[in-house]
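Accompanying notes for the structure given below.
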Amino acid sequence: MDLSRQQAILLVEDDQSTRDLLRNIIARRFPEFNVITAENGQAGLESFRLHAPQVVITDIKMPVMDGIEMAGAIRQLQPDIQFIVLTAYNNKTYLGRFNEIGYCAYLAKPIEFSKLFEAVERCCAEAEKES
Amino acid sequence: MESSPVVEEGNSILYVEDEPDAREMISATLVAEYPVLTVYVAENGARGLELFREHRPDLVLTDIRMPVMDGIRMAEEIKAIDPDAIIIAVTAYSDTSYLLHAIESGLSEYLLKPVSYRKLFSIIEKNLGVVNLKRRVNRQNVQILELAGTLEERVRERTRELYRLNRLYVMLSKNNQAIARTDTREKLLSEVCRNIVAYGGFKRACVGVPSPETGVVRPIATAGDVIDGCICLEGDLSGAGPVTTALREQSYFVSNECEPESPARQLCSKAWQGGCRSNAAFALKMNGDIAGVLNISADEPDFFDTQMIDLLNQMTADISVAMENMETEVCRREAETALRDETIKKLQAIEDLRTKEQLLLQRNRQAAMGELMVNISHHWRQPLNVLGLMVQELTQICSDSTFSRERLEERVREAMGVILKMSATIDGFSTLYESGGEWEQFSLKEIVEKTVALFRAGVNSENFTIEMDVENDVAVSGLANEYSQVLLNILLNAREIFVERGTASPRISVKLFPERDNAVLTISDNAGGIPENDLERVFDPYFTTKDPDQGSGLGLYMAKTIIEKHMSGRLQVYNTARGAEFRIEVRCGS
């Protein structure tokens with residue numbers, strides 16, 4: 000199995016500060032993972048194709064292509080992909096639409112580390128099982 | 000033959016003489032000398048006395064010695080009848096003592112026989128002159144007495160008249176006081192009737208008003224011996240009584256001799272039975288029309304004379320004028336009251352409207368702020384999340400080998416940057432959220448920048464550009480918060496249009512510049528403009544192009560109200576080549 004494929008997490012987030020912070024935090028906590036980032040759904044889909052991560056952490060509302068559209072496309076490419084959805088308080092409707100696509104965990108902003116790390120661990124474990 | 004002026008028509012003389020020749024001759028001479036003189040002739044004293052009794056002659060001329068009754072005896076008899084009788088003796092005696100006796104018996108004078116005509120005539124004329132003079136004096140005395148009686152009567156009459164006039168003047172004076180004092184028609188007329196009876200010496204007085212429908216006169220004020228029904232009117236205005244006549248002729252009518260049986264029925268039988276003997280009715284007029292009739296009765300006939308009628312006419316005219324004035328006063332008072340009520344109502348309506356407008360203004364402000372608040376709360380999630388991550392990351396990096404004080408300070412700086420940015424987005428929020436605000440002098444540049452900053456914070460301003468050209472600052476005096484609300488409404492409106500129309504590279508341009516005495520702020524967009532049909536309606540209340548649940552439609556209406564009503568400025572909108580442009584003009588300076 001491709002090493003890069005085994006060890007990759009894709010982070011899709013349009014806000015640069017959030018994106019940079021999250022990447023550093025996750026990378027620091029899970030050094031075994033290669034954390035790849037993208038600033039919107041379109042870029043995220045391309046990165047997925049390129050890096051084939053086991054877990055995709057994504058925001059919902061983003062310019063160019065939103066998280067739902069991207070997730071739908073990724074699901075098509077990789078049916079057992081694990082999604083961790085980042086939501087804002089008033090994004091419940093989007094989360095509802097995400098239900099149809101299926102996700103492993105969701106995290107409400109502002110994100111708490113303990114919940115983030117637990118979600119990443121759990122979803123990676125799920126990904127392990129699936130594969 | 001010329002008659003002596005002394006002897007007058009009606010003078011008479013009795014001539015007593017027993018000698019037929021002398022009798023004939025002298026009587027003939029007397030008749031010839033005095034054609035107007037009546038001469039009675041007697042042949043003896045007895046006959047003479049008889050004739051005296053019968054004719055009472057002015058003079059008696061008598062012989063002394065006569066048969067049957069001599070002259071002396073006759074003279075005594077005559078004197079007994081009339082002590083003033085003038086008796087002249089014609090005698091042949093020259094015996095003085097006899098003549099003295101004769102004079103004692105009442106003879107006035109004597110004439111000796113043979114008779115001298117000159118002497119006779121002289122005596123007759125002298126005595127008749129006295130008689131005539133006496134008679135004239137008597138006549139004049141009678142006349143004087145008669146005159147004195149008349150004078151006395153006239154003085155009594157005059158006094159009565161003066162007394163009556165005096166009463167009348169008192170009555171008129173009381174009525175003038177009533178006119179000055181009373182304030183309603185009913186009070187005035189009642190008092191007038193009371194005064195007429197109490198001071199004017201009339202038996203009764205009443206005022207009747209003809210009903211406009213039936214024409215029947217009904218009393219509205221009465222005083223005195225009021226007879227049942229009063230007003231001396233039976234039936235309608237076609238009657239012949241004083242009241243109806245006065246009403247018909249719009250003048251007055253007097254009947255000084257009231258006769259119940261007279262065909263004209265000048266006074267009704269009731270009034271006659273009630274003791275009325277004179278009656279006068281005076282028409283009361285208001286603005287030239289008949290308003291009623293004043294009917295006055297007295298218990299004496301011929302009570303109303305010309306002078307009294309003149310005075311009563313004057314009084315009636317005064318009362319009429321007073322009634323007119325009262326009506327005018329009532330009308331004026333009613334109009335005044337109506338005006339006051341109307342004004343109060345209008346003021347109330349204005350107050351209500353103002354309150355409503357104030358409420359709308361507040362609601363609009365809250366709506367605008369609410370919209371921004373929702374957006375801000377949404378957009379704050381991102382920086383809050385970043386802050387959260389930064390803080391939590393510290394626990395991660397403090398155990399890192401590369402951790403240093405510099406890195407910590409860098410992180411704190413970064414975190415503070417986020418916090419300050421967040422703080423800036425809500426700057427001005429609290430002040431703008433306050434309703435009303437004071438009339439103050441403010442810098443337009445400052446308020447525009449503050450508002451635009453708030454707007455940027457509230458909307459996703461990264462999506463569109465806001466060009467600012469506000470360096471030409473203008474100081475204006477007015478309501479800063481409300482001005483800001485206007486600008487915010489226009490900006491929010493533009494943003495709505497951008498979203499609605501999906502405008503590519505949306506752009507808002509805000510420009511501030513002075514123009515003559517005005518501070519002008521233009522806000523233009525590139526959203527394609529307002530349809531021509533809607534241009535005139537955008538400021539109408541509840542005009543909206545949005546879904547009903549998205550906006551009140553009051554934003555631009557309130558903007559117009561604030562600028563034009565509260566700040567006496569002008570708010571216009573028109574289309575430019577690229578979109579709509581709002582133009583706010585308010586007066587510069589203080």
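Just so you know, the sequences run in chain order A and B. Numbering follows numbering that gives the first Met the number 0, with no gaps: position 83 of the first sequence is 82. Numbering follows numbering that gives the first Met the number 0, with no gaps: position 34 of the second sequence is 33. For every residue, glycine included, the Cβ atom is placed at its ideal position computed from N, Cα and C. Because the structure is a prediction, the values reported are computed rather than measured.
With its beta carbon less than 8 Å from one in chain B, arginine 27/A belongs to the interface. Exposed is the label assigned to isoleucine 80/B, since fewer than 16 other Cβ atoms lie within 10 Å of its Cβ.
The CB of serine 46/A never comes closer than 7 Å to any CB in chain B; the least such distance is about 21 Å. The stretch 312-326 of chain B and the stretch 283-295 of chain B touch, with three or more beta-carbon pairs separated by less than 8 Å. Sequence-distant Cβ neighbours of isoleucine 446/B in its own chain, meaning closer than 7 Å and more than five residues away, are Ala479, Tyr482 and Ser483. Checking the DSSP bridge columns, you'll see tyrosine 251/B partnered with Phe281/B.
A Cβ-Cβ contact shorter than 8 Å links leucine 520/B with isoleucine 583/B. Residues are counted here when their Cβ sits less than 8 Å from a Cβ of chain B; for the stretch 103-114 of chain A these are Lys108, Pro109, Ile110, Glu111 and Phe112, given in chain order.
Close CB contacts of methionine 467/B within its chain, under the 6 Å cut and outside five residues either way in sequence, are with Val509 (chain order). Membership of aspartate 468/B in any alpha helix (DSSP H) is not indicated; the residue belongs instead to the beta strand (DSSP E) covering 464-468. For valine 136/B and leucine 246/B, the gap between their C-alpha atoms comes out near 59 Å. Against threonine 17/A, the close residues of chain B are Gln381, Asn384, Val385 and Leu388, in the order they occur along the chain (beta-carbon pairs closer than 8 Å).
Taking glutamine 306/B as the centre and dropping the five residues before and after it, the same chain places no C-beta closer than 6 Å to its C-beta. Between the C-alpha atoms of valine 537/B and leucine 487/B there is a straight-line separation of about 16 Å.
Lysine 510/B carries a strand assignment under DSSP once its states are collapsed to helix, strand and coil. Straight through space, the alpha carbons of valine 585/B and tyrosine 93/A are spaced by roughly 47 Å. Residues of chain B whose Cβ lies closer than 7 Å to the Cβ of leucine 20/A are, in chain order, Val385, Leu388, Met389 and Glu392. For arginine 46/B, the number of other beta carbons within 10 angstroms of its own is at least 16, and it is reported as buried. Boundaries cannot be given for glycine 528/B, as no beta strand (DSSP E) includes it and DSSP labels it neither H nor E.
At a cut-off of 8 Å between beta carbons, isoleucine 35/A makes no contact with chain B. Under the Cβ criterion of 8 Å, isoleucine 24/A is counted among the residues facing chain B.
Within chain A, the residues Asn23, Ile24, Arg27, Arg28 and Phe112 have their CB atoms less than 9 Å from the CB of glutamine 395/B, given in chain order.
With respect to the 8 Å criterion, arginine 22/A and valine 34/A are classified as neighbours on the basis of their beta carbons. DSSP places glycine 207/B outside any alpha helix (DSSP H); the residue lies instead in the beta strand (DSSP E), whose first and last residues are 203-209. Tryptophan 438/B has Leu478/B as its beta-bridge partners, per DSSP. Less than 8 Å separates the beta-carbon of phenylalanine 32/A from that of glutamine 6/A.
For the stretch 143-229 of chain B, the full-length beta strand (DSSP E) segments reaching 3 residues or more read 203-209 and 216-223 along the chain. Following the DSSP letters along the chain, one finds aspartate 288/B inside the beta strand (DSSP E) bounded by residues 288-297. At a Cβ-Cβ threshold of 8 Å, aspartate 224/B and glycine 273/B count as neighbours. DSSP, read as helix, strand or coil, puts phenylalanine 29/A in coil. Secondary structure at tyrosine 105/A: strand, using DSSP grouped into helix, strand and coil. Around alanine 87/A, the beta-carbon contacts reaching into chain B at under 9 Å are His377, Arg380, Gln381 and Asn384. By the rule that beta-carbons nearer than 8 Å mark a contact, aspartate 14/A touches chain B. By alpha-carbon distance to asparagine 574/B, the top candidate from Asn43/B, Glu514/B, Ser422/B and Gly528/B is Gly528/B. The alpha carbon of proline 513/B has as its nearest neighbour, out of Val473/B, Glu535/B and Val498/B, the alpha carbon of Val473/B.
When rounded, the separation of the alpha-carbon atoms in alanine 21/B and arginine 138/B is 36 Å.
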